[in-house]
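S.K.: To convert, note that position 67 of the sequence shown is 765 in the numbering used here; the numbers rise steadily by one, no gaps. Just so you know, even glycine gets a beta-carbon here, dropped at the ideal spot from N, CA and C.
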Amino acid sequence: MPTLSFHAPEPLAKRLRRGAKAAKLPLSAYVTETVERGLAAEPPKVALGALAGTAALVAGYDPARPVVPAADWKT
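This is how it looks when you write it as structure tokens:
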């Protein structure tokens, strides 16, 4: 299984931690589930390499959009 690593701005990190706590899941499992939901919601915008773990995304794909409002990504 490929490893996903990212740095989230503090508002997004807090939102992810709250979501994980509400779902009663470890943070890593919650983030994985959230990313998988995002990929399932917009498969045409994801390059096959991303699904294979190379993280090659099609230009214009915003992984934040299906998960949280864009305003939360601004620092």
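Can you tell me where the alpha helix (DSSP H) holding residue 709 begins and where it ends?
M.R.: Per DSSP, residue 709 belongs to the alpha helix (DSSP H) from 708 to 721.
S.K.: Exposed or buried, residue 710, counting other C-beta atoms within 10 Å across all chains shown (16 or more means buried)?
M.R.: It counts as buried.
S.K.: Rounded to the nearest angstrom, what separates residue 689 and residue 716 at their Cα positions?
M.R.: What the structure shows of the chain is the stretch from 699 to 773, and residue 689 is not part of that stretch, so it cannot be assessed.
S.K.: Could you tell me the distance, in whole angstroms, from the CA atom of residue 744 to the CA atom of residue 706?
M.R.: Residue placement at residue 744 is poorly supported in this model, since its pLDDT is 49, which falls under 50; the coordinates still yield a value, given next. Roughly 21 Å between the two C-alpha positions.
S.K.: Classify residue 721: buried if its beta carbon has 16 or more other beta carbons within 10 angstroms, exposed otherwise.
M.R.: Exposed, because fewer than 16 other Cβ atoms sit within 10 Å of the Cβ of residue 721.
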